[in-house]
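Colleague:
Number of protein chains: 2
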Amino acid sequence: MTQQIRDVVEQYVKLVGTGPTESIVELYAPDATVEDPAGTPVRQGHDAIREFYSVFDNLDRSTALHADTVRVAGNHAAFMFDVVTKVGDQRFTLTPIDTMEFDEQGKIIKMRAYWSQDDMRSEPI
Amino acid sequence: MTQQIRDVVEQYVKLVGTGPTESIVELYAPDATVEDPAGTPVRQGHDAIREFYSVFDNLDRSTALHADTVRVAGNHAAFMFDVVTKVGDQRFTLTPIDTMEFDEQGKIIKMRAYWSQDDMRSEPI
């Protein structure tokens, strides 16, 4: 199970950077919840999750997992990764910690992302 | 609130390294829960939390917060830190990711620690 969870984490981070949205949605169980960032309203189910990730579709973006931060404990995982987006002549880098809970099939049933605007760095390209 | 949460995270990591146990317990709300590591039975309330942390009392230990990993979002925080223990002529280093949820008074109401034996490093002193 640990390796399966680790694989899903790697796929997740990669897909957030490349899409397609539908492949991200498929990593989630049908009634899964997403709270991103933590403290904001929870989105539940594939439709709401699809809507959330589809905002990335038109962004010039890339991602990188901080592989040495991946922690798997039971059916839970936590990890840090970079999301880099380019808007105009600026590059924005956000580095959240995400936590995930998995079902017995290795589908994500709960995701929560820990970040705030304070964690956003910007620099000219 | 963000700065208050950040302060509690710093105090928490420091106190896990130095004690006393009672000062750690006081960071928690009376009916708080601790799940450490994730996937193991949840401990609830000050008595259970005191019992959990008191096992550290007799260990030769130290801690270090990875300050650049602290993420605060709403009433939630996530962070990575080292726990170093010395047993005989070996030094063991565990680097978990912890998540915490806080009440309006800045007390921890929920803590979950993400780590497994796979994340434990040992080296001769």
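Chains as they are written, first to last, in the numbering used here: chain A, -12 to 112; chain B, -12 to 112.
Glycine residues also receive a C-beta, built at the ideal position from the N, C-alpha and C atoms.
What you are looking at is a predicted structure, and each value in this text was computed from that prediction instead of being measured.
Taking the runs of the beta strand (DSSP E) that are 3 residues or longer, which of them lie wholly in the region 9 to 44 of chain A?
Modeller: Listed in chain order, the beta strand (DSSP E) runs fully inside the region 9 to 44 of chain A are 15 to 22, counting runs of at least 3 residues.
Colleague: Could you round the C-beta distance between residue 39 of chain A and residue 30 of chain A to whole angstroms and report it? I think they count as a contact, below 8 Å.
Modeller: Taking the first sequence and counting its residues from 1, the one referred to as residue 39 of chain A is at position 52. Taking the first sequence and counting its residues from 1, the one referred to as residue 30 of chain A is at position 43. Yes, residue 39 of chain A and residue 30 of chain A are in contact; Cβ-Cβ is about 5 Å, under 8 Å.
Colleague: So, do the region 55 to 63 of chain A and the region 12 to 32 of chain A have three or more beta carbon pairs nearer to each other than 8 Å?
Modeller: no
Colleague: Compute the distance between the beta-carbons of residue 8 of chain A and residue 41 of chain A, then report whether it is under 7 Å.
Modeller: By 1-based counting over the first sequence, the position of residue 8 of chain A is 21. By 1-based counting over the first sequence, the position of residue 41 of chain A is 54. For residue 8 of chain A and residue 41 of chain A, yes; Cβs fall inside 7 Å.
Colleague: Give a yes or no on whether 7 Å exceeds the smallest Cβ distance from residue 50 of chain A to chain B.
Modeller: Mapped onto the first sequence, residue 50 of chain A falls at position 63. It does not; no Cβ of chain B falls within 7 Å.
Colleague: Who are the near neighbours of residue 51 of chain A in its chain, counting only those whose CB is closer than 7 Å to its CB and skipping five residues on each side?
Modeller: Here the question's residue 51 of chain A lines up with position 64 in the first sequence. For residue 51 of chain A, where only same-chain residues beyond five positions count, the Cβ hits under 7 Å are 68, 69.
Colleague: Could you pull the start and end residues of the alpha helix (DSSP H) that residue -6 of chain B belongs to?
Modeller: By one-based count along the second sequence, residue -6 of chain B stands at place 7. -11 to 5 is the span of the alpha helix (DSSP H), which, as asked, contains residue -6 of chain B.
Colleague: Helix, strand or coil for residue 56 of chain B, going by three-state DSSP, please let me know.
Modeller: By 1-based counting over the second sequence, the position of residue 56 of chain B is 69. Helix.
Colleague: With a 10 Å radius around its C-beta and 16 neighbouring C-beta atoms as the bar for buried, classify residue 11 of chain A as buried or exposed.
Modeller: As a working mapping, residue 11 of chain A is identified with position 24 in the first sequence. Answer is buried; the Cβ neighbour count reaches 16.
Colleague: Mind pulling the chain B residues with CB within less than 9 Å of residue 86 of chain A?
Modeller: Residue 86 of chain A sits at position 99 when you count from the first residue of the first sequence. Here the neighbours are 25, 65, 84, 86, 99, 101.
Colleague: What in chain B is Cβ-close to residue 74 of chain A, meaning under 7 Å?
Modeller: What you label residue 74 of chain A is simply residue 87 of the first sequence in a count that begins at 1. Ordered by position in chain B, no residue passes the 7 Å Cβ test against residue 74 of chain A, which lies about 22 Å from the chain.
Colleague: Grouping DSSP H, G and I as helix and E and B as strand, with all else coil, what is residue 104 of chain A?
Modeller: Position 117 of the first sequence, counted from the start, is the residue given in the question as residue 104 of chain A. In this structure, residue 104 of chain A counts as helix in the three-state DSSP scheme.
Colleague: For residue 108 of chain B, decide whether its Cβ has a neighbour in chain A, counting only Cβ atoms nearer than 7 Å.
Modeller: On the second sequence, residue 108 of chain B is found 121 positions in, with the first residue counted as 1. No, no contact with chain A.
Colleague: Identify the contact partners of residue 58 of chain A in chain B, using a Cβ-Cβ distance below 8 Å as the criterion.
Modeller: Against the first sequence, residue 58 of chain A aligns to sequence position 71. Near residue 58 of chain A (Cβ distances below 8 Å), the residues of chain B are 83, 84, 101, 102, 103, 106.
Colleague: Where residue 48 of chain B and residue 79 of chain B are concerned, what is the direct C-alpha to C-alpha distance, given to the nearest angstrom?
Modeller: Against the second sequence, residue 48 of chain B aligns to sequence position 61. Against the second sequence, residue 79 of chain B aligns to sequence position 92. In a straight line, the C-alpha of residue 48 of chain B is about 9 Å away from that of residue 79 of chain B.
Colleague: With a CB to CB cut of under 7 Å and the five nearest residues on each side skipped, what residues in its chain are close to residue 88 of chain A?
Modeller: Counting from one through the first sequence, the residue named residue 88 of chain A turns up at place 101. Contacts found: 62, 63, 96, 97.
Colleague: Would you say residue 61 of chain B lies against chain A (beta-carbon separation less than 7 Å)?
Modeller: Counting from 1 along the second sequence, the entry for residue 61 of chain B is found at position 74. Contact of residue 61 of chain B with chain A is assigned, a C-beta pair being separated by under 7 Å.
Colleague: Which two residues bound the contiguous beta strand (DSSP E) that contains residue 82 of chain B?
Modeller: In the second sequence, counting from the first residue as 1, residue 82 of chain B sits at position 95. Careful: residue 82 of chain B lies outside any beta strand (DSSP E) and carries neither H nor E.
Colleague: Nearest by alpha-carbon distance to residue 111 of chain B: which of B:55, B:73, B:100, B:105 is it?
Modeller: Sequence index remark: in the second sequence, residue 111 of chain B carries index 124 (1-based). Here the closest residue by C-alpha is B:73.
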